[in-house]
Amino acid sequence: SEPVQLECTTSRDRVSTEASTSSTASTSSASANFAATTATVPDRLYSRVELQMKGIDPEVMKSYAYFAKTAAEHLDIEVGKHWALRKAVKDRLTLLKSVHIYKKHRVQYEIRNYYRFMHFHKLTGSTLDTFLEYVERNLPEGVALKVTKVELQELPEHLRPGKQG
Numbered sequence: 090s091e092p093v094q095l096e097c098t099t100s101r102d103r104v105s106t107e108a109s110t111s112s113t114a115s116t117s118s119a120s121a122n123f124a125a126t127t128a129t130v131p132d133r134l135y136s137r138v139e140l141q142m143k144g145i146d147p148e149v150m151k152s153y154a155y156f157a158k159t160a161a162e163h164l165d166i167e168v169g170k171h172w173a174l175r176k177a178v179k180d181r182l183t184l185l186k187s188v189h190i191y192k193k194h195r196v197q198y199e200i201r202n203y204y205r206f207m208h209f210h211k212l213t214g215s216t217l218d219t220f221l222e223y224v225e226r227n228l229p230e231g232v233a234l235k236v237t238k239v240e241l242q243e244l245p246e247h248l249r250p251g252k253q254g
């Protein structure tokens, strides 16, 4: 008595289950179903992606921006403008030196954050996923990364010109 394998195939419209006794038949049908599923899903298109880097060391961020730009050029991604803010954004925190009294005696702490921005144009979803995974894995310590994506989508049916009802 051979074990029975249960295979579940999912598609956009239906979910079906099949029982098979041979492992080679189930693998070939699974690969055919996977190919059919991936062929029907279109790749997303992005008109612009913005990387916003925030850190405490401007030289590390400059080096990381060069790394991201070089990685994008190797993946044939169109690099747009990139810039940094001229001055650091300073956050000051003032505290009392003593917990109990002496309001005249205070201590002040200051954190300087530097920002750098980069734009990339005309990307597909798969290229963007590969690029972002590579860039995020090599993110240095002390640098935060924020990604903003602008996706291109089709016009809804009720906004398309031509068909008047």
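90 is the number of the first residue of the sequence shown in this note's numbering; add one for each residue after it. Backbone N, C-alpha and C define an ideal beta-carbon position, used for all residues, glycine too.
Practice task
Over the uninterrupted alpha helix (DSSP H) stretch that includes D218, give me the two end residues.
Solution key: Start and end: 214-226.
Exercise for the section: Classify Y203 as buried or exposed, calling it buried when 16 or more other Cβ atoms lie within 10 Å of its own Cβ. Expected result: buried
Problem - Backbone CA spacing between H171 and E199 [nearest angstrom] - result: 27 Å
Practice task
Please classify H247: does DSSP put it in a helix, a strand, or coil?
Solution key: helix
Exercise for the section: Check R101 in the structure and name its three-state DSSP category. Expected result: Because the pLDDT at R101 is just 35, under 50, the model does not fix this residue reliably, and the point stays unresolved.
Exercise for the section: Starting from the Cα of Q197, find the closest Cα among L228, A233, K186, F206 and give me that residue. Expected result: K186
Practice task
Please list the segments of the alpha helix (DSSP H) lying wholly inside the stretch 139-202, counting only runs of 4 or more residues, in order along the chain.
Solution key: Counting only runs of 4 or more, we get 147-163.
Problem - the stretch 151-166 contacting the stretch 242-250, beta-carbon criterion three pairs below 8 Å - result: In short, these stretches do not touch, since the Cβ pair count stays below three.
Exercise for the section: State buried or exposed for L140, treating a residue as buried only when at least 16 other CB atoms are found within 10 Å of its CB. Expected result: buried
Exercise for the section: Please work out which residues of its chain come closer than 6 Å, Cβ to Cβ, to S136, disregarding the five sequence neighbours upstream and downstream, and give them in chain order. Expected result: V239, L241
Problem - Where R137 sits in the DSSP three-state scheme - result: strand
Exercise for the section: Give the DSSP-derived three-state secondary structure of V239 in the structure shown. Expected result: It is a strand residue.
Handout entry: Candidates V130, A160, P245, L134, of which the one nearest L228 by Cα
Key = A160
Practice task
Figure out for me which residue from E222, K179, L184, V138 has the closest Cα to the Cα of H208.
Solution key: V138
Problem - Spatial distance of D180 from M150 (CA atoms) - result: Taking the straight line from one Cα to the other gives about 19 Å.
Exercise for the section: Return the residue from the list K211, L184, L221, I190 that minimises the CA-CA distance to K235. Expected result: By alpha-carbon distance to K235, the top candidate from K211, L184, L221, I190 is L221.
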